[in-house]
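Remarks on the structure that follows.
Numbering (my numbering), first residue to last: 1039 to 1172.
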């Protein structure tokens, strides 16, 4: 009986660390790409039930401006989406979770980076490595 309890507690512990965020919903994707900018700029902030965490910024003093945020649901420790704020015009893009069905939409939104994605690709990969090393 003691062994069973130890095994169950171990599985619960491993499962709690291995949990991932539920997939990005279509409503969350639409909120980031269509509503979040207006709420931030008007001073309202993020809608109830969510928070944004600053993951890093890049600004070369010109058009190559990129801010990256994790959007978290209240009570969750994994982001439900990554918010990319691009350029001086502040286009809001939503990078969904890997298992969400919005990747084609995200791919289409990347046109905001123009022809040369190398600078954004470099910065995003650098950021990924920073978090992978934690």
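For each residue, glycine too, the CB sits at the ideal point set by N, CA and C.
Remember, predicted model here, so these are calculated numbers, not experimental data.
Asked	Found
Rounded to the nearest angstrom, what separates residue 1088 and residue 1109 at their Cα positions?	7 Å
Where does residue 1147 land, buried or exposed, given buried means 16+ other C-beta within 10 angstroms?	buried
Short of 7 Å in beta carbon distance, which residues of its chain neighbour residue 1141, apart from the five on each side in sequence? Order them along the chain.	1134
In the DSSP assignment, the beta strand (DSSP E) including residue 1088 goes from what residue to what residue?	1088–1097
How big is the Cα-Cα spacing for residue 1077 and residue 1167?	31 Å
Helix, strand or coil for residue 1140, going by three-state DSSP, please let me know.	coil
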